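Residue numbers (numbering that gives the first Met the number 0): 0 to 182.
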Amino acid sequence: MDALQLLINRRSASRLDEPAPAGDALENILNAGLRAPDHGALQPWRFTIVSGEGRERFSQLLESIARQEGSDEKAIAKAAKAPFRAPMIITVVAHCEESVKVPRWEQLISAGCAVMAMQMAALAQGFNGIWRSGAWTENEQVRQAFGCRPQDAIVGFLYLGTPQLKACVPVTAPDKQDFVRYF
């Protein structure tokens with residue numbers, strides 16, 4: 000698939016199995032993330048790879064937090080299972096610095112662009128993934144586990160693996176008239 004077709008037909012895959020990207024494929028994914036737009040060359044992204052035993056540690060953390068928060072057993076079980084929805088998760092943190100030239104919001108967007116670039120690089124190599132966010136990105140214990148400073152933000156968890164369904168149903172593109180205008 001050429002690059003344009005890849006972009007036009009992009010679709011997340013939520014059902015992911017082994018194998019996860021490894022070796023050169025993983026290096027390509029990380030390198031794509033490092034090429035995200037970066038005003039001021041601040042490199043406002045940090046990536047933490049969660050795989051293997053790391054998924055078990057992440058599961059234990061999420062389960063513990065759910066218990067501390069008084070969640071019901073169904074929510075606790077869901078929290079514990081979350082890291083096992085894919086064989087690999089790349090947690091992306093916007094590593095934000097004070098800058099007169101580059102506001103925090105630009106640094107957050109740059110980290111978001113890194114997630115998109117990594118997902119596209121995975122797709123280009125026969126893998127896929129889904130970008131997840133939610134309440135865990137704001138949880139202070141999760142933030143600490145991923146080395147966030149007060150000014151940092153977890154922009155998402157990129158779940159990666161091999162899609163269960165080899166032939167994904169194409170997504171119908173929205174009508175551009177609803178989203179595009181000319182000035």
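All C-beta atoms in this analysis are idealised placements derived from N, C-alpha and C, irrespective of residue type, glycine included.
Being a predicted model, the structure only gives us computed values, none of them experimental.
Per-residue DSSP class, three states only, for residue 50: As a working note, residue 50 is residue 51 in the sequence shown. Three-state DSSP puts residue 50 in a strand.
Neighbourhood of residue 35 by C-beta distance below 7 Å, restricted to the same chain and skipping five residues each side: Numbered from 1 along the sequence shown, position 36 holds the residue referred to as residue 35. Counting only Cβ-Cβ distances below 7 Å, and skipping sequence neighbours, we find 44, 109, 112, 113 and 116.
Cα-Cα separation, residue 87 to residue 52: What you label residue 87 is simply residue 88 of the sequence shown in a count that begins at 1. What you label residue 52 is simply residue 53 of the sequence shown in a count that begins at 1. Looking at the two C-alpha atoms, the distance is approximately 11 Å.
Beta strand (DSSP E) segments (min. 3 residues) lying fully within the stretch 77–129: 87–93
Distance, residue 130 Cα to residue 61 Cα: Locating residue 61 in the sequence shown gives position 62, counting from the first residue. Locating residue 130 in the sequence shown gives position 131, counting from the first residue. The alpha-carbon atoms of residue 61 and residue 130 are separated by roughly 18 Å.
Residue 83 versus residue 23: straight-line alpha-carbon distance, rounded: Sequence index remark: in the sequence shown, residue 83 carries index 84 (1-based). Sequence index remark: in the sequence shown, residue 23 carries index 24 (1-based). Those two C-alpha atoms are separated by around 23 Å.
The ligand GTP heavy atom lying under 6 Å from the CB of residue 133: This structure does not include the ligand GTP; it has no bound ligands of any sort.
Residue 154, enclosing beta strand (DSSP E) - first and last residue: Against the sequence shown, residue 154 aligns to sequence position 155. Where residue 154 is concerned, the enclosing beta strand (DSSP E) stretches over 152–162.
Residue from 7, 4 and 136 with nearest C-alpha to residue 93: By one-based count along the sequence shown, residue 93 stands at place 94. Of 7, 4 and 136, the residue nearest in Cα terms is 136.
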